[in-house]
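Notes follow the structure.
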Amino acid sequence: MTDLFAPLTRRAGARALAGVLLGGMLAATCTVRAQPAWGLDQLMQALARNKSGHATFVEKKYIGMLDRPVESSGELIYSAPDRLEKRTLKPKPESMVLVGNTLTLERGPRRYVLALQDYPELGAFTESIRATLAGDEKALARVYDIALNGTEQRWTLTLRPLQPKMAAAVQSIVLQGRAAEVRSIEIEQTDHDRSVMTITPVFTP
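Counting with our numbering, you get residues 107 to 311 for the letters of the sequence shown.
Right under this line is the structure:
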(Lines of atoms letter the chains of each structure in order from A and count residues from 1; the text may use other names and numbers.)
(Lines give C-alpha, C1' and ligand atoms only; values in the text may rest on other atoms or scores of the structure.)
Protein backbone atom coordinates (compact mmCIF):
# COMPACT_ATOMS: atom_id res chain seq x y z
CA MET A 1 0.00 0.00 0.00
CA THR A 2 2.90 2.40 0.79
CA ASP A 3 4.55 1.81 -2.60
CA LEU A 4 1.26 2.48 -4.40
CA PHE A 5 0.80 5.97 -2.97
CA ALA A 6 4.47 7.00 -2.63
CA PRO A 7 4.58 8.92 -5.99
CA LEU A 8 1.52 10.96 -5.06
CA THR A 9 1.38 14.05 -2.93
CA ARG A 10 -0.40 13.71 0.39
CA ARG A 11 -3.45 15.61 -0.92
CA ALA A 12 -3.62 13.65 -4.17
CA GLY A 13 -3.22 10.43 -2.25
CA ALA A 14 -6.09 11.36 0.05
CA ARG A 15 -8.28 12.19 -2.94
CA ALA A 16 -7.40 8.89 -4.60
CA LEU A 17 -8.10 6.92 -1.43
CA ALA A 18 -11.41 8.73 -0.93
CA GLY A 19 -12.34 7.91 -4.50
CA VAL A 20 -11.60 4.24 -3.98
CA LEU A 21 -13.65 4.13 -0.77
CA LEU A 22 -16.54 6.07 -2.31
CA GLY A 23 -16.54 3.80 -5.33
CA GLY A 24 -16.63 0.76 -3.07
CA MET A 25 -19.52 2.20 -1.07
CA LEU A 26 -21.50 2.96 -4.23
CA ALA A 27 -20.84 -0.52 -5.58
CA ALA A 28 -22.04 -2.06 -2.32
CA THR A 29 -25.14 0.13 -2.35
CA CYS A 30 -25.93 -0.84 -5.92
CA THR A 31 -25.51 -4.51 -5.06
CA VAL A 32 -27.92 -4.28 -2.11
CA ARG A 33 -30.52 -2.40 -4.15
CA ALA A 34 -30.33 -4.99 -6.91
CA GLN A 35 -31.54 -7.71 -4.54
CA PRO A 36 -35.33 -7.80 -4.13
CA ALA A 37 -36.65 -7.68 -0.57
CA TRP A 38 -37.66 -11.09 0.76
CA GLY A 39 -41.40 -11.58 1.03
CA LEU A 40 -44.34 -13.77 0.05
CA ASP A 41 -43.46 -13.87 -3.65
CA GLN A 42 -39.90 -15.00 -2.90
CA LEU A 43 -41.11 -17.65 -0.42
CA MET A 44 -43.61 -19.06 -2.91
CA GLN A 45 -41.00 -19.14 -5.67
CA ALA A 46 -38.57 -21.02 -3.44
CA LEU A 47 -41.23 -23.54 -2.44
CA ALA A 48 -42.33 -24.02 -6.06
CA ARG A 49 -38.84 -25.22 -6.96
CA ASN A 50 -39.39 -28.31 -4.79
CA LYS A 51 -40.98 -30.83 -7.15
CA SER A 52 -41.19 -33.53 -4.50
CA GLY A 53 -40.72 -33.92 -0.78
CA HIS A 54 -40.57 -36.58 1.92
CA ALA A 55 -40.80 -35.90 5.65
CA THR A 56 -41.71 -37.52 8.94
CA PHE A 57 -44.25 -35.93 11.27
CA VAL A 58 -45.46 -35.98 14.84
CA GLU A 59 -48.95 -34.56 15.31
CA LYS A 60 -50.59 -33.65 18.61
CA LYS A 61 -54.32 -32.95 18.75
CA TYR A 62 -55.58 -30.94 21.70
CA ILE A 63 -59.26 -31.73 22.26
CA GLY A 64 -61.27 -29.90 24.90
CA MET A 65 -62.89 -32.98 26.44
CA LEU A 66 -59.56 -34.80 26.85
CA ASP A 67 -56.94 -34.20 29.53
CA ARG A 68 -53.98 -35.04 27.30
CA PRO A 69 -53.26 -34.51 23.61
CA VAL A 70 -53.80 -37.34 21.16
CA GLU A 71 -50.48 -38.06 19.44
CA SER A 72 -49.84 -39.70 16.09
CA SER A 73 -46.82 -40.02 13.83
CA GLY A 74 -45.94 -41.06 10.32
CA GLU A 75 -44.74 -39.57 7.07
CA LEU A 76 -45.72 -36.99 4.48
CA ILE A 77 -45.01 -37.44 0.77
CA TYR A 78 -45.54 -34.71 -1.81
CA SER A 79 -45.28 -34.91 -5.60
CA ALA A 80 -45.87 -31.87 -7.80
CA PRO A 81 -48.22 -30.60 -8.93
CA ASP A 82 -51.06 -31.82 -6.70
CA ARG A 83 -50.42 -35.14 -4.97
CA LEU A 84 -50.09 -35.16 -1.18
CA GLU A 85 -50.03 -38.24 1.01
CA LYS A 86 -50.23 -38.33 4.79
CA ARG A 87 -49.33 -41.82 5.95
CA THR A 88 -49.96 -42.37 9.67
CA LEU A 89 -47.99 -45.25 11.20
CA LYS A 90 -48.77 -44.84 14.92
CA PRO A 91 -50.92 -45.40 16.93
CA LYS A 92 -52.89 -47.06 14.09
CA PRO A 93 -51.96 -47.27 10.41
CA GLU A 94 -54.03 -45.14 8.06
CA SER A 95 -53.44 -43.11 4.93
CA MET A 96 -54.87 -39.95 3.45
CA VAL A 97 -54.11 -39.27 -0.23
CA LEU A 98 -55.10 -36.06 -1.96
CA VAL A 99 -54.98 -35.89 -5.76
CA GLY A 100 -56.72 -32.95 -7.37
CA ASN A 101 -59.95 -32.42 -5.42
CA THR A 102 -60.37 -36.06 -4.42
CA LEU A 103 -59.40 -37.26 -0.96
CA THR A 104 -58.96 -40.99 -0.37
CA LEU A 105 -58.88 -42.29 3.22
CA GLU A 106 -57.86 -45.82 4.18
CA ARG A 107 -58.25 -47.16 7.70
CA GLY A 108 -57.66 -50.88 8.00
CA PRO A 109 -59.94 -52.65 5.54
CA ARG A 110 -62.09 -49.56 5.00
CA ARG A 111 -61.60 -47.15 2.14
CA TYR A 112 -63.40 -43.82 1.65
CA VAL A 113 -63.33 -41.53 -1.36
CA LEU A 114 -64.39 -37.98 -0.53
CA ALA A 115 -64.92 -34.71 -2.37
CA LEU A 116 -62.64 -32.16 -0.72
CA GLN A 117 -65.20 -29.35 -0.63
CA ASP A 118 -67.62 -31.46 1.44
CA TYR A 119 -65.22 -31.71 4.40
CA PRO A 120 -64.00 -28.21 5.30
CA GLU A 121 -61.73 -29.21 8.18
CA LEU A 122 -59.90 -31.87 6.17
CA GLY A 123 -59.95 -29.61 3.14
CA ALA A 124 -58.36 -26.76 5.06
CA PHE A 125 -55.58 -28.97 6.35
CA THR A 126 -54.73 -30.72 3.11
CA GLU A 127 -55.04 -27.73 0.81
CA SER A 128 -53.00 -25.49 3.09
CA ILE A 129 -50.11 -27.98 2.99
CA ARG A 130 -50.41 -28.82 -0.69
CA ALA A 131 -50.70 -25.26 -1.99
CA THR A 132 -47.89 -24.09 0.28
CA LEU A 133 -45.58 -26.94 -0.76
CA ALA A 134 -46.40 -26.18 -4.40
CA GLY A 135 -45.68 -22.49 -3.90
CA ASP A 136 -49.11 -21.80 -5.38
CA GLU A 137 -49.91 -18.33 -4.09
CA LYS A 138 -52.99 -17.99 -6.30
CA ALA A 139 -54.51 -21.20 -4.95
CA LEU A 140 -53.92 -20.04 -1.37
CA ALA A 141 -55.33 -16.58 -2.06
CA ARG A 142 -58.56 -18.06 -3.43
CA VAL A 143 -59.46 -19.62 -0.09
CA TYR A 144 -57.34 -17.84 2.54
CA ASP A 145 -56.38 -14.43 3.81
CA ILE A 146 -52.57 -14.68 3.84
CA ALA A 147 -50.12 -13.00 6.23
CA LEU A 148 -46.36 -13.60 6.23
CA ASN A 149 -44.06 -12.57 9.09
CA GLY A 150 -40.43 -13.17 9.98
CA THR A 151 -37.34 -13.71 7.86
CA GLU A 152 -36.27 -16.15 5.17
CA GLN A 153 -34.58 -18.33 7.78
CA ARG A 154 -37.49 -18.20 10.24
CA TRP A 155 -40.88 -17.39 8.75
CA THR A 156 -44.51 -17.72 9.83
CA LEU A 157 -47.34 -17.98 7.31
CA THR A 158 -50.82 -17.42 8.76
CA LEU A 159 -53.85 -18.51 6.73
CA ARG A 160 -57.41 -17.56 7.62
CA PRO A 161 -60.27 -19.15 5.63
CA LEU A 162 -62.32 -16.83 3.43
CA GLN A 163 -65.12 -19.24 2.56
CA PRO A 164 -67.93 -19.26 5.16
CA LYS A 165 -68.24 -23.05 5.27
CA MET A 166 -64.55 -23.51 5.97
CA ALA A 167 -64.39 -20.51 8.32
CA ALA A 168 -67.16 -22.06 10.42
CA ALA A 169 -64.85 -24.98 11.22
CA VAL A 170 -61.32 -23.55 11.03
CA GLN A 171 -60.19 -20.28 12.59
CA SER A 172 -56.60 -20.24 11.36
CA ILE A 173 -53.74 -22.32 10.01
CA VAL A 174 -50.22 -21.27 10.97
CA LEU A 175 -47.27 -22.72 9.09
CA GLN A 176 -43.70 -22.11 10.21
CA GLY A 177 -40.55 -22.89 8.31
CA ARG A 178 -37.03 -22.16 7.24
CA ALA A 179 -36.15 -21.17 3.67
CA ALA A 180 -38.07 -23.58 1.40
CA GLU A 181 -38.95 -26.04 4.19
CA VAL A 182 -42.21 -26.24 6.15
CA ARG A 183 -41.33 -27.29 9.70
CA SER A 184 -44.66 -27.07 11.58
CA ILE A 185 -48.37 -26.65 10.99
CA GLU A 186 -50.86 -25.56 13.64
CA ILE A 187 -54.60 -25.63 13.00
CA GLU A 188 -56.89 -23.71 15.34
CA GLN A 189 -60.54 -24.72 15.10
CA THR A 190 -63.46 -22.46 15.94
CA ASP A 191 -64.42 -24.77 18.84
CA HIS A 192 -60.92 -24.12 20.29
CA ASP A 193 -59.64 -27.61 19.58
CA ARG A 194 -56.30 -27.49 17.80
CA SER A 195 -53.62 -29.65 16.28
CA VAL A 196 -49.88 -29.10 16.05
CA MET A 197 -47.80 -31.03 13.54
CA THR A 198 -44.00 -30.98 13.73
CA ILE A 199 -42.33 -31.88 10.43
CA THR A 200 -38.81 -33.21 9.88
CA PRO A 201 -37.55 -33.39 6.28
CA VAL A 202 -36.07 -36.68 5.10
CA PHE A 203 -33.04 -36.07 2.92
CA THR A 204 -32.18 -38.77 0.40
CA PRO A 205 -28.67 -39.00 -1.09
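For glycine and all other residues, C-beta sits at the position ideal for the given N, C-alpha and C.
On a Cα-Cα basis, can you pick out the residue from R284, G241, D173, S201 that is closest to A186? Counting from 1 along the sequence shown, the entry for residue 186 is found at position 80. Taking only the C-alpha atoms, the option nearest A186 is G241.
So, T296 versus Q277, is the Cβ gap smaller than 7 angstroms? For the purposes of this step, residue 296 is identified with residue 190 of the sequence shown, where counting begins at 1. For the purposes of this step, residue 277 is identified with residue 171 of the sequence shown, where counting begins at 1. In this structure, T296 lies near Q277, with their beta-carbon atoms less than 7 angstroms apart.
Check each candidate in E191, T306, F163, D251 and name the one with the smallest Cα separation from G354. No information on residue 354 is available, as it lies outside the stretch 107 to 311 that the chain covers here.
Can you tell me where the alpha helix (DSSP H) holding K192 begins and where it ends? Counting from 1 along the sequence shown, the entry for residue 192 is found at position 86. It is not in any alpha helix (DSSP H) - K192 instead sits in the beta strand (DSSP E) that spans 189-196.
Below 8 angstroms CB to CB, which residues in the same chain sit around D188 once its five sequence neighbours on both sides are set aside? Locating residue 188 in the sequence shown gives position 82, where the first residue counts as 1. These residues qualify, in order along the chain: L204, V205, G206, R236, A240.
Nearest neighbour of G214, chosen from P226, I183, R193, L228 [CA to CA]: Here residue 214 refers to the residue found at position 108 when the sequence shown is read from its first residue. For G214, the nearest C-alpha among the options comes from R193.
Checking the sheet assignment: what are the DSSP bridge partners for Q282? In the sequence shown, counting from the first residue as 1, residue 282 sits at position 176. DSSP lists T262, S290 as partners of Q282.
Rounded to the nearest angstrom, what separates A273 and I293 at their Cα positions? Your numbering for residue 273 matches position 167 in the sequence shown. Your numbering for residue 293 matches position 187 in the sequence shown. If you take the alpha carbons of A273 and I293, they lie about 12 angstroms apart.
E200 versus T257 - alpha carbon distance: The residue given as residue 200 occupies position 94 in the sequence shown. The residue given as residue 257 occupies position 151 in the sequence shown. Cα to Cα, the separation comes out at about 36 angstroms.
Answer yes or no: the CB of R193 versus the heavy atoms of the ligand HEM, is any distance below 6 angstroms? This structure does not include the ligand HEM; it has no bound ligands of any sort.
If you check the beta carbons only, do V176 and T304 fall under 7 angstroms apart? If you number the sequence shown from 1, residue 176 lands on position 70. If you number the sequence shown from 1, residue 304 lands on position 198. In this structure, T304 does not lie closer than 7 angstroms to V176 by Cβ.
Euclidean distance between Cα positions of L172 and I279: As a working mapping, residue 172 is identified with position 66 in the sequence shown. As a working mapping, residue 279 is identified with position 173 in the sequence shown. Answer to the nearest angstrom: the Cα atoms are 22 angstroms apart.
Let me check understanding here. Comparing Cα to Cα, which of Q269, P197, G229, W144 lies closest to T210? In the sequence shown, counting from the first residue as 1, residue 210 sits at position 104. Of the listed residues, the one whose Cα sits closest to T210 is G229.
Among residues of its own chain, excluding the 5 on either side of H160, which ones have a beta-carbon nearer than 6 angstroms to its beta-carbon? Along the sequence shown, read from residue 1 onward, the residue named residue 160 stands at position 54. So the qualifying residues of the chain are I183, V308.
Does G214 come out as helix, strand or coil in the three-state DSSP assignment? Counting from 1 along the sequence shown, the entry for residue 214 is found at position 108. Three-state DSSP puts G214 in coil, outside helix and strand.
Got a sec? Which residues, its chain only, sit under 7 angstroms from R260 by beta carbon, not counting five neighbours each side? Counting from 1 along the sequence shown, the entry for residue 260 is found at position 154. Excluding residues within five positions, the ones whose Cβ falls inside 7 angstroms are R284.
Looking only at its own chain, which residues have a Cβ that is under 7 angstroms from the Cβ of V219, when we skip the five neighbours before and after it? Position 113 of the sequence shown holds residue 219. For V219, where only same-chain residues beyond five positions count, the Cβ hits under 7 angstroms are T208, T210.
Let's test the definition: count the other Cβ atoms within 10 Å of the Cβ of T238 and tell me whether it reaches 16, buried, or not, exposed. Here residue 238 is taken as the residue at index 132 of the sequence shown, counted from 1. Buried: at least 16 other Cβ atoms inside 10 Å.
Once DSSP output is grouped into helix, strand and coil, what is the label at Q269? Locating residue 269 in the sequence shown gives position 163, counting from the first residue. Coil.
In whole angstroms, what is the alpha-carbon distance linking E243 and M150? As a working mapping, residue 243 is identified with position 137 in the sequence shown. As a working mapping, residue 150 is identified with position 44 in the sequence shown. About 6 angstroms.
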